[in-house]
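Below is one structure; the comments refer to it alone.
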Amino acid sequence: MEKQVRVRFAPSPTGALHIGGVRTALYNYLFARKNGGKMILRIEDTDQSRFVPGAEDYILEALKWCGIEIDEGIGAGGENGPYRQSERKGIYMEYAQQLVDEGKAYYAFDTPEDLNEMRERLKAARVASPQYNAITRMTMKNSLTLPEDEVKSRLASGEPYVIRLKVPRKEEIRLNDMIRGWVMVHSSAIDDKILMKSDGMPTYHLANIVDDHLMGISHVIRGEEWLPSAPLHVLLYKFLGWEDSMPRFAHLPLLLKPEGNGKLSKRDADKHGFPIFPLDWTDPKTGETSVGYREQGYIPEGFVNFLAFLGWNPGTHQEIFSMEELVEAFSVERIGKSGTKFDINKAQWFNQHYLRQKPNKELAEQFQKELKAQNIKCSDEKVVKIIGEMKERVTFSNDFWAEGKYFFVSPESYDEKVVKKKWNIEAVTALTAYKDALTNIENLNADLAKETLEKALAENNIKIGRVMQAVRLAITGVGAGPDLMNIIEIIGKEETINRIDKVVDRLSDRVKE
Ligand code: GLU
614 MEKQVRVRFA PSPTGALHIG GVRTALYNYL FARKNGGKMI LRIEDTDQSR FVPGAEDYIL
674 EALKWCGIEI DEGIGAGGEN GPYRQSERKG IYMEYAQQLV DEGKAYYAFD TPEDLNEMRE
734 RLKAARVASP QYNAITRMTM KNSLTLPEDE VKSRLASGEP YVIRLKVPRK EEIRLNDMIR
794 GWVMVHSSAI DDKILMKSDG MPTYHLANIV DDHLMGISHV IRGEEWLPSA PLHVLLYKFL
854 GWEDSMPRFA HLPLLLKPEG NGKLSKRDAD KHGFPIFPLD WTDPKTGETS VGYREQGYIP
914 EGFVNFLAFL GWNPGTHQEI FSMEELVEAF SVERIGKSGT KFDINKAQWF NQHYLRQKPN
974 KELAEQFQKE LKAQNIKCSD EKVVKIIGEM KERVTFSNDF WAEGKYFFVS PESYDEKVVK
1034 KKWNIEAVTA LTAYKDALTN IENLNADLAK ETLEKALAEN NIKIGRVMQA VRLAITGVGA
1094 GPDLMNIIEI IGKEETINRI DKVVDRLSDR VKE
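Sequential numbering from 614 applies to the sequence shown in the working numbering.
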């Protein structure tokens, strides 16, 4: 019988979840859903020195925002807990002990000085990368070299020790990665990795393998940075006698810098001015806050759609996918081997698309919150209209205020470029004539506003094309935007007249002949 699909997302709570981590979570989720399996969230917190308070909550919130649902584990419960490794300490020791008893691992008592000395010795003998391995282990202080009773007495006296894996000297380790195919590594390239640390905590390697086994994980989908560890993991499965139920591995391609050379880092993101984290994050140590995709105004559906394409493609021209459609279309076979260049413009493109799909009413409700914060009262009906005007012109919902402020308040400044180019006697004449004509108009709407303007200009022999930008400048303060007559309809006759008076007054000393 086919094994039930059970995948896990296993972040370490060492800070905010990086965008690459969110992609890993997403691919695991899509794979689980596609195959009717379960998505498990496990927190790998065995490295106490790197623990960051708040990171776990952050991970949960970020996954929730993306719509990545957890079936089992942290935040969801389940029968295979606890799901936080620091709460499973006792379990790991048992397996490490089993390996020692079977001669597959050993106690090592070497001090940092001993290790240093070994490295120096090997370096002097021109060994390129000195390691604790099949050759050097016999020169060190461990249960393979020390007499049995000495080992016992050292252990009994509470001397610090670690447990190391006894990696065979000559063995070919093979692994069939779902994305990369066969990966072959010679055991001589692997050192005798520490499995249990002197603080009684397991290392990542042991804890990860024991948990994946005990939690019945069928597929390990994770970032490429873990590929070098995979042969060691295969060896551990074998030594623990779990080879037959070993999960299948899929190592996801790296996310590359926008320039395409090397792994995307927070520094690159900062340099290019885009977020690296899904949500705002304040580093508790430095107090430094990094802005998140959510706070920058990204819509989660668009963000997820963008992430899905960072390494995977459906093999068709379709780009817009809802989460359900992604589940339907997803397959590990369509994940590429090579790294994916990070392109923030694409993220914005997706966002723009999803923003346009949103009903104006929904966007208006959201926008009302921003307006409230700005102390502006405006009827829902009017806000819906404004959204309708702006929607096609913005990338983020935050832009509605930034770019459409003039719908609510009279401009305080005027775009200098437009002033320089278009502010002249003709413009002032046109605006004055328009203002006078508007005074007599009842029930002003966009059509009437246009008709009135055309008539006023014709009476003064002014071509509309010559002054249109100046009229826009008067009303909005800027040189471009949605249909000006619609803007005039929305702000109304009084406000339009006031704005014309204001600009004529404010720019009186700037009028060119
Ligand atoms: N704790 C590891 C991490 O932080 C998990 C790696 C894995 O999935 O095996 O990414």
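Virtual Cβ for every residue (Gly too), placed ideally from N, Cα, C.
Specify, as a first and last residue, the run of the alpha helix (DSSP H) that M917 falls within.
The displayed chain sequence assigns Val, not Met, to residue 917. Segment P913 to A921, the alpha helix (DSSP H) holding V917.
Could you pull out every unbroken alpha helix (DSSP H) segment of at least 4 residues lying fully inside the region 639-694, listed in chain order?
Those alpha helix (DSSP H) runs which fall completely within the region 639-694 and span 4+ residues are 668-679.
Considering only the alpha carbon of each residue, which of V1080, S903, I786 and V1091 lies closest to K1030?
Checked all of V1080, S903, I786 and V1091; the closest Cα to K1030 is V1091.
Taking W795 as part of the beta strand (DSSP E), name the residues at either end of that continuous run.
First-last of the beta strand (DSSP E) with W795: G794 to H799.
Determine, using beta carbons only, whether V1080 and E1016 come nearer to each other than 9 Å.
Going by C-beta atoms, V1080 is not nearer than 9 Å to E1016.
Tell me the start and end of each unbroken alpha helix (DSSP H) in the region 762-787 that is at least 4 residues and wholly inside, in chain order.
Entirely contained in the region 762-787, not one alpha helix (DSSP H) run reaches 4 residues.
How is the alpha helix (DSSP H) around L827 delimited, first residue to last?
Residues Y817 to L827.
Can you have a look at L827 and say buried or exposed, based on whether 16 or more other CB atoms are within 10 angstroms of its CB?
That one is exposed.
According to DSSP, is T1065 part of a helix, a strand, or is it coil?
Of the three classes helix, strand and coil, the one that applies to T1065 here is helix, per DSSP.
In or out: M809 buried (at least 16 other Cβ within 10 Å) or exposed?
Answer is buried; the Cβ neighbour count reaches 16.
Hey, could you find the ends of the beta strand (DSSP E) R621 is sitting in?
First-last of the beta strand (DSSP E) with R621: R619 to F622.
Judging by CA-CA distance, which residue of L1057, R1085, A718 and F890 is the nearest neighbour of P913?
Of L1057, R1085, A718 and F890, the residue nearest in Cα terms is F890.
Measuring straight from C-alpha to C-alpha, what distance separates K959 and F919?
So the alpha carbons of these two residues sit roughly 7 Å apart.
Would you say the beta carbon of P624 is closer than 8 Å to some non-hydrogen atom of the ligand GLU?
For the ligand GLU, at least one heavy atom lies less than 8 Å from the Cβ of P624.
For my contact list, V997 and K1033 are in at a C-beta cut-off of 8 Å; report their separation, rounded to the angstrom.
Wrong, their Cβ atoms sit about 36 Å apart, outside the cutoff.
In or out: M1003 buried (at least 16 other Cβ within 10 Å) or exposed?
Its Cβ being crowded by 16 or more others within 10 Å, M1003 is buried.
If I measure Cβ to Cβ from E837 and keep anything under 7 Å in the same chain, skipping five residues before and after, which residues do I get?
So the list reads H864, L865, P866 and L867, once near-sequence residues are dropped.
Near L939, what residues of its chain come up, given a Cβ to Cβ distance below 6 Å and the 5 sequence neighbours on each side ignored?
If we look at L939 and ignore the five residues flanking it on each side, its Cβ neighbours are L643 and A921.
Just mark E761 as buried or exposed, buried being the case when its beta carbon has 16 or more other beta carbons within 10 Å.
When all chains shown are included, E761 counts as exposed.
Looking at L845 and K870, is the spacing between their C-beta atoms short of 9 Å?
No, Cβ-Cβ distance for K870 and L845 is not below 9 Å.
Determine, using beta-carbon pairs with one atom in the region 936-954 and one in the region 881-900, whether at least three such pairs fall under 8 Å.
Counting Cβ pairs under 8 Å, fewer than three are found: no touch.
Quick one: grab the DSSP three-state call for R697.
Strand.
Between the C-alpha atoms of A738 and G771, what's the straight-line distance to the nearest angstrom?
Straight-line Cα distance between these residues: approximately 35 Å.
Our contact map puts V775 next to S811 with C-beta atoms below 8 Å; I'd like the distance itself, whole angstroms only.
That pair is a contact at about 6 Å.
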